[in-house]
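Engineer: The opening residue of the sequence shown carries number 34 in the numbering used here; numbering runs sequentially from there. Beta carbons: idealized from backbone N, C-alpha and C, even for Gly. Every value quoted in this text rests on a predicted model; they were computed, and no experiment measured them. Sharing a structure below in structure tokens format, with a few things to ask.
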Amino acid sequence: MNIFHLFKSEQQGVHAAALLLALASVVNALLALLRDRLLAGQFGASAELDIYYAAFRVPDIIYAFALLFVASTAFIPVFLEHRQQSSSSAKELLDAAFTSFFLAVGLLVFMAYLLLPFVIPYTVPGFDAESRTTVLKLASVLLLSPLLLGLSNLVAGVIQSFKRFFIYALSPVFYNIGIIIGILFFLPRFGLTGLVWGVILGAFMHFLIQVPSLITLGYFPFFNKVFKKGVGKIIRLSFPRALALSFHQLTFFAITAIASTLGAGAIAVFQLSYNLQSLPLAIVGLSYSVAAFPTLSELSLAKERSMFFRQFTSVVRHILFWTVPISFLFIVLRAHIVRVVLGSGAFDWIDTRLTAASLLLFSFGIVAQSLIHFFVRSYYALGRTREPVMYNFFGFALIVLFSVAFLYMANTFPLLKHFFMSLLRVEDLRGVGILVLPLAYVLGTTVNAFLLIYSLWHTDKGEEKWELRRAFREIFGAGMVMAVVTFIMLRVFASFLNINTFFGVLLHGLLSGTIGIVAGIWLLKHMRNREMEEVIGAFKSRFWRKKPLQPETEHL
34 MNIFHLFKSE
44 QQGVHAAALL
54 LALASVVNAL
64 LALLRDRLLA
74 GQFGASAELD
84 IYYAAFRVPD
94 IIYAFALLFV
104 ASTAFIPVFL
114 EHRQQSSSSA
124 KELLDAAFTS
134 FFLAVGLLVF
144 MAYLLLPFVI
154 PYTVPGFDAE
164 SRTTVLKLAS
174 VLLLSPLLLG
184 LSNLVAGVIQ
194 SFKRFFIYAL
204 SPVFYNIGII
214 IGILFFLPRF
224 GLTGLVWGVI
234 LGAFMHFLIQ
244 VPSLITLGYF
254 PFFNKVFKKG
264 VGKIIRLSFP
274 RALALSFHQL
284 TFFAITAIAS
294 TLGAGAIAVF
304 QLSYNLQSLP
314 LAIVGLSYSV
324 AAFPTLSELS
334 LAKERSMFFR
344 QFTSVVRHIL
354 FWTVPISFLF
364 IVLRAHIVRV
374 VLGSGAFDWI
384 DTRLTAASLL
394 LFSFGIVAQS
404 LIHFFVRSYY
414 ALGRTREPVM
424 YNFFGFALIV
434 LFSVAFLYMA
444 NTFPLLKHFF
454 MSLLRVEDLR
464 GVGILVLPLA
474 YVLGTTVNAF
484 LLIYSLWHTD
494 KGEEKWELRR
504 AFREIFGAGM
514 VMAVVTFIML
524 RVFASFLNIN
534 TFFGVLLHGL
544 LSGTIGIVAG
554 IWLLKHMRNR
564 EMEEVIGAFK
574 SRFWRKKPLQ
584 PETEHL
């Protein structure tokens, strides 16, 4: 196969291209794990890694604003409408969106650059003056990322509209490659500044890898008129999405500010454990959400309410089918996951225990967070764009409120704090205050998920909710069996495996988890679980021949 042909070929269910797309997704996940392992090995959960993660907060918020112009769910339909009229009309729309994006986001980046010295003290109030200065320096460089990734998403919208999905799937891979280059080559020579220039390199590569396809299509954007009818429509359609993501980034802004007061390494522990629990969210929650959105939109437009909720319930059942067992396995294997992925170099045993405890708490929210991705898109399909924004804002407010309240309780009631930390088996460690933040995050997102589904279910008069309850009972039971069997196998294998080495820990967790999964699968098959049968049917029908869909990048 000519690799350059992939830059200009359309993917319409071709087996080889679909396999390459799946491979790119797996490679990107592995690179993300390698990136975090290198960072953890280089710094550990330290003040330096806190500074690095804190520097992303303001650029992340700006990037959320940039989605007003480049969100694929809004740009692609409008672009296709203009393309049906003529290629020149589509090109004019692209040029206008490109010009509007650069003027608006460029102005915002310039204003942020001027205001950063005043904003950074609120971002990291617990840092000393020297650390704040370093955050300011790094954030100033990272302000280039919203421009580069925003432009890349705009380009990706064009490429996806021509069904060239493979090359878009490669772009996150190159983003992580850029960061890894920064860790391996720029960091030793230039310090943290070199590391963030690696991020900028990754963002540039995210865009650059798509340029050959764009040139081949004849749609390379140029500056042109700002005012074009389609641009206003893109902004109007993107507004709920951008606002919801802004609340998400504001949540992390607040968490970073609070964590900065809890000692060195607090931000790093939170971020590293959050990244680990985000893998199933991206693989399951986001994938199902994107795949189901077109069908739900069609059913909503056709006013097929019963079919809509049947499809809605089907997707929820399958998200539960994957995320409930994953959550149980993460809870039991949390220490193994942290040790295998992050346990190297400067990442010591104390860092491991704190991060594993944080991952334990995050694991209780994997199901809710995965469902939120789908619930929000279901509201969009129904044309109800205001409710997700309100619920997301309420969830954001709850997370901040819970964080402050739990910290106050931990400082005011030491016996309560000791009891909570003893449950997590970290009562003998310092710096455990950080663990109230993942707890607050999980509680806030869980309430958000319940509000979203209650409002939808309140309008559903059908019987689908009873089917969902049946699925949850069966899947939860199988997940419990997986967890218990895995826990027992951990005790059995620990007697003759050396769990003080990387391969020993990997084999210990892998063997125990595999046996637990087999036990859960056996139980589901014994119960003739409908979701299990549907998954097997999907494999038999060669699901990989379906046309792949891709969401836009959501964060830097």
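1) Should Ser-120 be labelled buried (16 or more other beta-carbon atoms within 10 Å of its own) or exposed?
2) Any idea what DSSP makes of Pro-447, helix, strand or coil?
3) Please go through the same chain and pick out, in chain order, the residues whose beta-carbon is closer than 6 Å to the beta-carbon of Ile-15, but skip the five residues on each side of it.
4) Taking the straight line between their C-alpha atoms, what separation do you get for Gln-45 and His-115?
5) Thr-418: which of Leu-203, Ser-271, Leu-100 and Leu-177 sits nearest, CA to CA?
6) Tell me whether Thr-294 sits in a helix, a strand or coil according to DSSP, three-state version.
7) From the DSSP output, in three-state form, read off Ala-55 for me.
8) Measure how close the beta-carbons of Tyr-85 and Leu-225 come, nearest whole angstrom, since I'm counting them as under 8 Å.
9) Out of Val-551, Pro-273, Ile-399 and Thr-519, state which residue places its alpha-carbon closest to the alpha-carbon of Ala-107.
10) By Cβ distance below 6 Å, which residues in the same chain neighbour Leu-63 in space, the five residues on each side in sequence not counted?
11) Please identify the residue among Leu-440, Val-409 and Ser-528 whose C-alpha is closest to the C-alpha of Ser-488.
12) Taking the alpha helix (DSSP H) that Pro-358 falls in, what are its first and last residues?
13) Nearest-angstrom Cα distance between Gly-378 and Asp-461?
14) How far does the alpha helix (DSSP H) with Glu-125 in it reach, from first residue to last?
15) With distances taken Cα to Cα, identify the nearest neighbour of Ile-288 among Pro-158, Phe-98 and Val-365.
16) Given a threshold of 16 other Cβ atoms within 10 Å of its Cβ, counted over all protein chains shown, does Arg-222 qualify as buried or as exposed?
17) Is there at least one Cβ from chain C nearer than 8 Å to Met-238's Cβ?
18) Based on Cα-Cα distance, which residue from Ser-306, Phe-219, Ile-192 and Gly-570 lies nearest to Phe-395?
19) Less than 8 Å separating the beta-carbons of Ser-178 and Pro-92?
20) Taking the CB atoms as reference points, tell me whether Leu-278 and Phe-240 lie closer together than 8 Å.
21) So, at 8 Å on beta carbons, what are the nonlocal neighbours of Val-480 in its own chain, with the 5 sequence-adjacent residues on each side left out?
22) For Ile-33, which three-state DSSP category applies?
23) Closest to Gly-416 by CA distance: which of Leu-334, Asp-69, Glu-81 and Ala-301 is it?
24) For Met-515, which residues in the same chain have their Cβ closer than 7 Å to its Cβ, ignoring the five residues on either side in sequence?
25) Do you know how far the Cα of Leu-440 is from the Cα of Phe-37?
26) Between the beta-carbon of Val-374 and the beta-carbon of Val-538, is there less than 8 Å?
27) Should Arg-367 be labelled buried (16 or more other beta-carbon atoms within 10 Å of its own) or exposed?
28) For Tyr-252, name the three-state secondary structure that DSSP assigns.
29) What span of residues does the alpha helix (DSSP H) with Ile-316 cover, start to end?
30) When burial is assigned at 16 or more other CB atoms within 10 Å of the CB, is Ile-248 buried or exposed?
31) Is Arg-116 helix, strand or coil by DSSP?
32) Could you please give the first and the last residue of the uninterrupted alpha helix (DSSP H) stretch that includes Thr-547?
33) Under three-state DSSP, which class holds Leu-462?
34) Using a 10 Å radius around the Cβ and a threshold of 16 neighbouring Cβ atoms, would you call Trp-555 buried or exposed?
35) Below 8 Å between beta carbons: does that hold for Leu-392 and Leu-468?
36) On the CB-based measure, 16 or more other CB atoms within 10 Å of its CB, does Ser-339 come out buried or exposed?
Structural biologist: According to the structure shown:
1) Locating residue 120 in the sequence shown gives position 87, where the first residue counts as 1. Ser-120 should be labelled exposed.
2) What you label residue 447 is simply residue 414 of the sequence shown in a count that begins at 1. Note: Pro-447 maps to helix in three-state DSSP.
3) Because the chain spans 34 through 589 in this model, residue 15 falls outside it and cannot be assessed.
4) What you label residue 45 is simply residue 12 of the sequence shown in a count that begins at 1. What you label residue 115 is simply residue 82 of the sequence shown in a count that begins at 1. Low confidence applies here, because Gln-45 scores a pLDDT of 44, under 50, leaving its location unreliable and the question unanswered by this model.
5) Taking the first residue of the sequence shown as position 1, residue 418 is located at position 385. When only C-alpha atoms are compared, the closest one is Ser-271.
6) The residue given as residue 294 occupies position 261 in the sequence shown. The answer is coil: DSSP assigns Thr-294 none of H, G, I, E or B.
7) For the purposes of this step, residue 55 is identified with residue 22 of the sequence shown, where counting begins at 1. At Ala-55, the pLDDT of 47 sits below 50, so the modelled position is not reliable; the number obtained from the coordinates is stated separately. Looking at Ala-55 - three-state DSSP - the assignment turns out to be helix.
8) Locating residue 85 in the sequence shown gives position 52, where the first residue counts as 1. Locating residue 225 in the sequence shown gives position 192, where the first residue counts as 1. Contact flag correct, Cβ pair sits at about 6 Å.
9) For the purposes of this step, residue 107 is taken as residue 74 along the sequence shown, with counting starting at 1. For the residues Val-551, Pro-273, Ile-399 and Thr-519, the minimum Cα distance to Ala-107 belongs to Pro-273.
10) Start at 1 with the first residue of the sequence shown, and residue 63 comes out as number 30. Around Leu-63: no qualifying Cβ.
11) For the purposes of this step, residue 488 is taken as the residue at position 455 of the sequence shown. Closest by alpha carbon: Val-409.
12) Here residue 358 is taken as the residue at index 325 of the sequence shown, counted from 1. Pro-358 -> alpha helix (DSSP H) spans 338 to 365.
13) Position 345 of the sequence shown holds residue 378. Position 428 of the sequence shown holds residue 461. Going by the C-alpha atoms only, they are around 23 Å apart.
14) What you label residue 125 is simply residue 92 of the sequence shown in a count that begins at 1. Note, Glu-125: alpha helix (DSSP H), 120 to 156.
15) In the sequence shown, the residue the question calls residue 288 occupies position 255. Ile-288 has its Cα closest to that of Pro-158, out of Pro-158, Phe-98 and Val-365.
16) The residue labelled residue 222 in the question sits at position 189 within the sequence shown. It counts as exposed.
17) The question asks about chain C, but that chain is absent: this structure has only one protein chain.
18) Walking along the sequence shown from the start, residue 395 turns up at place 362. Considering only alpha carbons, the answer is Ser-306.
19) Counting from 1 along the sequence shown, the entry for residue 178 is found at position 145. Counting from 1 along the sequence shown, the entry for residue 92 is found at position 59. Yes, the pair counts as a contact, with Cβ atoms nearer than the cut-off.
20) One-based indexing of the sequence shown puts residue 278 at position 245. One-based indexing of the sequence shown puts residue 240 at position 207. No, the pair does not count as a contact, with Cβ atoms beyond the cut-off.
21) Start at 1 with the first residue of the sequence shown, and residue 480 comes out as number 447. Correct list, in chain order: Phe-427, Gly-428 and Leu-431.
22) The structure shown does not extend to residue 33, since the chain is modelled only from 34 to 589, so the question has no answer here.
23) Within the sequence shown, numbered from 1, the residue matching residue 416 stands at position 383. It is Leu-334 whose Cα lies nearest to the Cα of Gly-416.
24) Taking the first residue of the sequence shown as 1, we reach residue 515 at position 482. Excluding sequence neighbours, Met-515 sits near Pro-358, Phe-361, Leu-362, Gly-549, Ile-550, Ala-552 and Gly-553.
25) For the purposes of this step, residue 37 is identified with residue 4 of the sequence shown, where counting begins at 1. For the purposes of this step, residue 440 is identified with residue 407 of the sequence shown, where counting begins at 1. Confidence is the limiting factor: at Phe-37 the pLDDT is only 48, short of 50, which leaves the residue's position unreliable, though a coordinate-based value still follows. Phe-37 and Leu-440: Cα-Cα distance of roughly 55 Å.
26) Here residue 374 refers to the residue found at position 341 when the sequence shown is read from its first residue. Here residue 538 refers to the residue found at position 505 when the sequence shown is read from its first residue. No, they are not a contact pair.
27) Working through the sequence shown from its first residue, we reach residue 367 at position 334. The residue is buried, with at least 16 neighbouring Cβ atoms inside 10 Å.
28) Within the sequence shown, numbered from 1, the residue matching residue 252 stands at position 219. Tyr-252: coil per DSSP, three-state reduction.
29) The sequence position of residue 316 within the sequence shown is 283, counting from 1. Segment: none, Ile-316 is in no alpha helix (DSSP H) and carries neither H nor E.
30) Within the sequence shown, numbered from 1, the residue matching residue 248 stands at position 215. It is exposed - the Cβ of Ile-248 has fewer than 16 other Cβ atoms within 10 Å.
31) If you number the sequence shown from 1, residue 116 lands on position 83. Looking at Arg-116 - three-state DSSP - the assignment turns out to be helix.
32) Position 514 of the sequence shown, counted from the start, is the residue given in the question as residue 547. Counting along the chain, the alpha helix (DSSP H) containing Thr-547 begins and ends at 535 to 559.
33) As a working note, residue 462 is residue 429 in the sequence shown. Coil.
34) The residue labelled residue 555 in the question sits at position 522 within the sequence shown. Exposed, because fewer than 16 other Cβ atoms sit within 10 Å of the Cβ of Trp-555.
35) Position 359 of the sequence shown, counting from 1, holds the residue named residue 392. Position 435 of the sequence shown, counting from 1, holds the residue named residue 468. Against a cut-off of 8 Å, the Cβ pair of Leu-468 and Leu-392 comes out as no contact.
36) Translated into positions along the sequence shown, residue 339 becomes position 306. Per the 10 Å Cβ criterion, exposed.
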